[in-house]
Each structure stands twice: as structure tokens, then as C-alpha cells.
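In what follows, a single structure is set out as C-alpha cells and then discussed.
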Amino acid sequence: MKLVVVVLVVGLTFASIGTDARPQIQSKNAHDYYKGLYVAGGLQQYSQYACFFDDDVASIRDFFFTVIFSDEMLAELKSTPLGTEMLKLLPKQDQEFIRKRSAGIYRYNKGIFLNGVVMYKDDLSSWVKISNDGKGRERFWFQRQTLRFAWIFEKPKALPPAFGHCERIPTDIKQNGENE
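If you count the sequence shown from 1, you need to add 1 to reach this note's numbering.
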């Protein structure tokens, strides 16, 4: 009799929970992955903006990228005597990045660093990267007033532009990601 009561109680307990007693896992998006990396200090150390695509397309839902604009980096460094001295000590590669008014873009998928690209200033609000074979061309447009961007693949075949928004990365947690 006790066994029947125990079985009945256990059965009613599972019936009241539902047929699927597994915990529900909340899916993450690109912004969640960014926040996790930011809190852990894992973003590229000079990143100024984190950018997210507007489209909820499965192929880019988990992607985000961070951006460093050399002109802003230069202005920040020149604003202090220590920064001015640091400029002189930078490796030649970093000095060239600043001199060419570049944008360094660090791409992440699901919080994992994929690659970094350097795009060169083309006009007032866009930067361009041409593929090594000279056939591919990407353009990154950024509006500092609205923090909106457009990413356009111009060659070899035109793809629809991707749009999104960026946010300033706070400086209260030091970022030490080594994404080279």
C-alpha cells in the first residue's frame, strides 16, 4: 500500500510540472555575448564601440564587432602628456594605423573572436577594405551622431547592405582581449 501511495504522489508531482521537466534554456543574442565578454574584460583592449546588426537573420544573429577609430584614439592619446609620450613609443604598425586614419574592426560570433580587419578612411564617414586579390571590396559607413552603421559588400557581386547600431564601450572595466 505504501508503494502505491509513493508512486501515486511521484506521478502526480511530475504531472503537475508537465511532461517536460527539463530546465528551459534562454537563447542568447549578440548583445548578450558582448556583455559577457565586456564583464570578463575579454574585448580587444582599445575597442571604442560595440556594433550590432538590426536584422534578426539567423546567419548574423550572434555576430557583433568592435571598432577602433584611429582619429579618436589619437585625440585621446594627445589629450595627456603621458599619451603624447606613448605615441612615440608605439610600434611602427600601430603608428601607421593612426597615420592612415584607419578603423580597426574585430569580429565576434557567439562571443568567440573570429578575425580583425583594418579598413582605411575613404571619405568623411566611410572606411574601405579591398581584398588581397583586389576583387573584393567592403565598405563600412558610420554616423557618429546617431551611432548607426551600414556594411556594404561592393564587389565581386553586390550583396544587400547590412544595417545596425553601435554603442560606446564603457571604460570602467579594462579590456585585455588579445585578438591578433
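Note that CB positions come from ideal geometry on N, CA and C, so glycine has one too. Please read all numbers here as calculations on a predicted model, not as lab measurements.
Taking only the alpha-carbon atoms, compute the straight-line gap between residue 45 and residue 38 and give it to the nearest angstrom.
Translated into the one-based positions of the sequence shown, residue 45 becomes position 44. Translated into the one-based positions of the sequence shown, residue 38 becomes position 37. Taking the straight line from one Cα to the other gives about 10 Å.
Checklist line | As assigned by DSSP and simplified to three states, the class of residue 29 | finding: Translated into positions along the sequence shown, residue 29 becomes position 28. In the structure shown, residue 29 sits in coil (DSSP, three-state: anything other than H, G, I, E or B).
Beta-carbon proximity check, residue 121 vs residue 67, cutoff 7 Å | Along the sequence shown, read from residue 1 onward, the residue named residue 121 stands at position 120. Along the sequence shown, read from residue 1 onward, the residue named residue 67 stands at position 66. No Cβ-Cβ contact shorter than 7 Å links residue 121 with residue 67.
Problem set entry | Per-residue burial, residue 132 [other beta carbons within 10 Å of its own, 16 or more giving buried] | Numbered from 1 along the sequence shown, position 131 holds the residue referred to as residue 132. Classification for residue 132: exposed.
Subject >> residue 178 burial status per 10 Å Cβ neighbour count (16 or more: buried) >> reply: Translated into positions along the sequence shown, residue 178 becomes position 177. So residue 178 ends up on the buried side.
Enclosing beta strand (DSSP E) for residue 69 [first to last residue]: Your numbering for residue 69 matches position 68 in the sequence shown. Where residue 69 is concerned, the enclosing beta strand (DSSP E) stretches over 64-70.
| request: Please state whether DSSP places residue 96 in a helix, a strand or coil. | output: One-based indexing of the sequence shown puts residue 96 at position 95. Looking at residue 96 - three-state DSSP - the assignment turns out to be helix.
query: Counting along the chain, where does the beta strand (DSSP E) carrying residue 115 start and finish?
result: As a working mapping, residue 115 is identified with position 114 in the sequence shown. Counted as a single uninterrupted DSSP element, the beta strand (DSSP E) harbouring residue 115 occupies residues 113-122.
Exercise. Who are the Cβ neighbours of residue 62 in its own chain at under 7 Å, not counting the five residues just before and after it?
Worked result: Walking along the sequence shown from the start, residue 62 turns up at place 61. If we look at residue 62 and ignore the five residues flanking it on each side, its Cβ neighbours are 30, 31.
Local Cβ density within 10 Å of residue 41, reported as buried at 16 or more and exposed below that: For the purposes of this step, residue 41 is identified with residue 40 of the sequence shown, where counting begins at 1. Counting every other CB atom within 10 Å of its CB across the protein chains shown gives residue 41 a total below 16, marking it as exposed.
Practice prompt. Indicate the three-state DSSP secondary structure (helix, strand or coil) for residue 105 in the structure shown.
Written response: On the sequence shown, residue 105 is found 104 positions in, with the first residue counted as 1. Note: residue 105 maps to strand in three-state DSSP.
query = Quick one, which of 102, 55, 134, 109 has its alpha-carbon nearest residue 126's?
reply = What you label residue 126 is simply residue 125 of the sequence shown in a count that begins at 1. Comparing Cα-Cα distances from residue 126 to each of 102, 55, 134, 109, the minimum goes to 102.
Take the Cβ of residue 87 as the centre, count every other Cβ of all protein chains shown within 10 Å, and call the residue buried at 16 or more, exposed below.
-> Counting from 1 along the sequence shown, the entry for residue 87 is found at position 86. Exposed.
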